[in-house]
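Read in order, the letters of the sequence shown correspond to residues 279 to 641 in our numbering. Glycine included, each C-beta is placed from N, C-alpha and C at the ideal position.
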Amino acid sequence: AEEPKTLPDYAAWKDRSALIVHSANTMETQRGAIGNGVLTPSDRLFVRNNLPAPPESIVADRDAWEVRIEGVKNPKTLTIGDLKKMGVTTVASVLQCSGNGRAFFPHGASGTQWSVGAAGCVMWTGVPLKDVVDTLGGPAEGTRYITSTGGEELPDGLDPKTVMVERSVPVRAMDHALLAWEMNDEPLPLTHGGPLRMVVPGYYGVNNVKYVKNVAFTEGQTTAKIQASGYRIRDIGKKGAPDQPSMWEMNVKSWVTAPLTNTASGRNMIYGVAFGGTVDLEKVDVSLDGGKTWKQARFLGPDLGPNAWRPFVMAADLSPGEYRVVSKATDVKGNSQPEGRTENERGYGHNGWNDHGVTITVG
Ligand code: MSS
């Protein structure tokens, strides 16, 4: 058996009992700790770093943090203090790693073996990117992408392009993106990208660049490895390449969060969470017989917008026996979770309902 891993210093404030610690750079929320709230408490939110986190000193004087804005009429270096005068908004959105659900791929996709917990729903506060760009005269002509660069110090002796966290998203994301300095109504923790993070609601985690130090409006996508060949959907055995789909907008997804193993017979409440990425949810159906028959669940709590998740619940009168409990979300555009997996080399974007189900024993 593996030794229980302790939390790394930069994440020592987290609730250890709510997390599965895969490594010093990767921690996921236990399925049973996701709960049925509309927001994920910060100390339970998953962590994923491609590089070691920067030192705590970068959040010592938050308002002095600088971000360079390029590819606009009037390029400029702005402090968080400057940004705070340009506009403010609060958005709830799901932060989910591209590889959430990777553990279910039978081919052994390389990377962290995330189950369902590399996801959470949090509240972000910051300036709409649009307000910043408008203040600086609008994007340069020919802009097709928004390219954000993380503020990590890069290790010596390596080609920066192979290690840097720099991501491009299509410029259509502009209307929703924000530069955030708060998460869940508190100064954004270093662990989650403080003092400043590019937040692209509805997009996979990797596009939400932490400790953002540069935002550029560009004609092409960055040639950094994390963009050019990383985070690309391709067949098993294939290498990543720029012509393959990039992990941008998230697909519709749900999973059950309780009960997960044994439960007493009689009336039970089946809980879960569901989200549509950039699209509002229509409904969630739950099956107690592995997908043979379905019943619509009801949403629980307030609707925090299209990018947030919605907890759901379904009452069920259970007699003793074994049940395969699965959930299937459908968005307002009619997109629904598939039964199976889209097999792919790195195990990205898994939203198949079958793998995400649980088998419970009712006694
Ligand atoms: N950013 C930076 N700067 N760095 C790094 O590393 N990572 C990614 C994002 N961003 C990074 C960044 C990823 S990859 C993810 S998921 C996210 O982040 C996470 O978050 P948190 O806060 O949870 O940690 Mo996959 O798709």
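As assigned by DSSP and simplified to three states, the class of residue i
i	result
alanine 279	Annotation note: pLDDT 48 at alanine 279 (below 50); position unreliable, no value reported.
arginine 380	helix
histidine 628	coil
lysine 503	helix
threonine 556	coil
alanine 302	coil
arginine 512	coil
threonine 535	strand
valine 551	strand
proline 438	helix
arginine 309	helix
arginine 294	helix
aspartate 595	strand
glycine 315	coil
serine 565	strand
glycine 404	strand
glutamate 444	strand
glycine 359	helix
glycine 398	strand
Residues near residue i by beta carbon distance below 6 Å, same chain, minus five either side
i	result
serine 393	Ala381
glycine 359	Asp341
glutamine 574	Lys561, Asp563
asparagine 462	Ser320, Val400, Met401
aspartate 633	Phe382
arginine 572	Per the sequence shown, the amino acid found at residue 572 is tryptophan instead of arginine. Excluding positions up to five away in sequence, the list reads Asp563, Ser565.
asparagine 613	Val530
Classification of residue i by the beta-carbon crowding that lies within 10 angstroms, buried from 16 upward
i	result
glycine 398	buried
leucine 361	buried
lysine 570	exposed
methionine 547	exposed
glutamine 374	buried
serine 605	buried
threonine 496	buried
leucine 436	exposed
glycine 471	buried
asparagine 540	exposed
glutamate 617	exposed
proline 417	buried
Candidates the options: closest to residue i by CA position
i	options	result
methionine 525	Arg294, Val316, Pro448	Pro448
glutamine 308	Ser295, Pro353, Pro319	Ser295
aspartate 409	Val534, Leu456, Ala418, Ala396	Leu456
threonine 318	Ile336, Glu419, Asp293	Asp293
aspartate 321	Gly310, Pro467, Ala387, Tyr509	Pro467
proline 580	Pro286, Asp287, Gly315, Glu306	Gly315
asparagine 486	Lys516, Met528, Val564, Ala506	Met528
arginine 602	Trp631, Met442, Ala542	Trp631
valine 534	Asn327, Gly568, Gly555, Ser507	Gly568
alanine 519	Asn629, Ser565, Ala502, Val530	Ala502
glycine 429	Ala542, Asn492, Gly508, Ala302	Asn492
isoleucine 347	Gly618, Thr427, Gly310	Thr427
asparagine 327	Ala396, Val372, Leu356, Thr367	Ala396
proline 589	Lys531, Lys517, Thr390, Gln615	Lys531
methionine 592	Leu582, Gly599, Phe577	Phe577
glycine 389	Pro417, Met305, Arg445	Met305
isoleucine 504	Ser446, Val411, Pro417	Ser446
glutamine 391	Gly641, Arg624, Thr637, Thr469	Arg624
glycine 310	Pro598, Tyr549, Gly416	Tyr549
Nearest-angstrom beta carbon gap, residue j and residue i [assumed within contact, 8 Å]
i	j	result
alanine 552	alanine 607	4 Å
lysine 611	valine 557	5 Å
glycine 711	valine 477	For the chain, the structure presents residues 279 to 641; residue 711 sits outside this window and is missing.
alanine 643	asparagine 585	Nothing can be reported for residue 643, as the shown portion of the chain is limited to 279 through 641.
threonine 421	glycine 349	6 Å
valine 443	leucine 329	6 Å
Cβ neighbours of residue i in the same chain (closer than 7 Å, five flanking residues each side left out)
i	result
proline 473	Ile336, Val337, Arg340, Trp343, Ile358, Trp459, Leu466
proline 438	Leu432
alanine 451	Ile424, Val478, Tyr481
glycine 508	Gly518
Spatial neighbours of residue i in its chain, beta-carbon cut-off 8 Å, leaving aside the 5 residues before and after
i	result
glutamate 621	Phe383, His385, Asp513, Ile514
threonine 284	Arg294, Val299
alanine 506	Gln499, Thr500, Gly518, Ala519, Pro520
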